[in-house]
Amino acid sequence: MDKEELETAVAGTLADSGFEITDFKESRHNGKPLLQFFVDRVTEGLAVSPDSGPEGPVSGGKAGRGVTLDDCGLLTEKIGAYLDMNNIIEGGYIIEVSSPGIDRVLRREKDFKKFSGSKVKVELKKPLNKARVYYGTLIGFENGQVLLSDDLKFNLEDIKEVRLNPDDGDIFKDK
Numbered sequence: 613m614d615k616e617e618l619e620t621a622v623a624g625t626l627a628d629s630g631f632e633i634t635d636f637k638e639s640r641h642n643g644k645p646l647l648q649f650f651v652d653r654v655t656e657g658l659a660v661s662p663d664s665g666p667e668g669p670v671s672g673g674k675a676g677r678g679v680t681l682d683d684c685g686l687l688t689e690k691i692g693a694y695l696d697m698n699n700i701i702e703g704g705y706i707i708e709v710s711s712p713g714i715d716r717v718l719r720r721e722k723d724f725k726k727f728s729g730s731k732v733k734v735e736l737k738k739p740l741n742k743a744r745v746y747y748g749t750l751i752g753f754e755n756g757q758v759l760l761s762d763d764l765k766f767n768l769e770d771i772k773e774v775r776l777n778p779d780d781g782d783i784f785k786d787k
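The numbering used here puts the first residue of the sequence shown at 613, with every later residue one more than the last.
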């Protein structure tokens with residue numbers, strides 16, 4: 613099973629618990645496969661009232677609350693059980709589950725739309741105008757292009773990675 617197939621398969625098991633994979637990395641550690649899943653709560657399509665909110669099956673948390681350490685532990689067990697039950701990886705492996713963090717990776721159209729107006733760092737696969745890294749405010753996503761402030765546009769297939777790039781003002785501002 614290749615990386616994309618594995619991510620898709622695991623994503624289906626996490627969706628039942630109200631979570632989605634925001635990023636997935638596969639490497640090796642001490643000769644064993646290391647599977648790193650960055651997860652967040654699914655908030656799209658949920659009817660949330662201010663005082664009740666949908667209860668998440670994993671830890672009973674509310675949508676929009678973020679990912680807790682308990683969530684990560686329970687999701688690690690769930691992923692491990694799924695991999696073992698379906699004999700997806702032979703031998704030993706290591707699973708890490710964590711929240712995407714404040715500098716989360718943006719990969720999908722819905723990510724770019726959700727975080728429109730946020731400061732980002734765009735790293736390209738190849739230099740463009742002698743630069744491989746660009747910083748700006750995310751305007752959105754249109755016709756397969758990531759749109760930044762200052763009329764910058766990047767084709768998704770030319771991008772190695774897009775990350776949120778908050779500064780202290782963004783982190784500490786009143787909500």
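Beta carbons are placed, not taken as given, at the ideal position from N, Cα and C, and that holds for glycine.
Item, Value
"Where Val-622 falls: helix, strand or coil (DSSP)", "helix"
"Residue from Lys-722, Arg-716 and Gly-685 whose Cα sits closest to the Cα of Ile-707", "Gly-685"
"Close beta carbons around Leu-735, own chain, < 6 angstroms, minus the five adjacent residues each side", "What sits at residue 735 in the sequence shown is Glu, not Leu. Closer than 6 angstroms at Cβ, skipping near neighbours: Val-745, Lys-772 and Glu-773."
"Host beta strand (DSSP E) of Thr-688 (start-end)", "Counting along the chain, Thr-688 falls outside any beta strand (DSSP E), though it belongs to the alpha helix (DSSP H) covering 681 to 697."
"Cβ-based neighbour list, Gly-752, same chain, cut-off 7 angstroms, excluding 5 preceding and 5 following", "Phe-724, Lys-725, Ser-728 and Leu-759"
"Cβ neighbour criterion (16 or more within 10 Å) applied to Ile-714", "exposed"
"Lys-637 - partner residues in DSSP beta bridges", "Gln-648"
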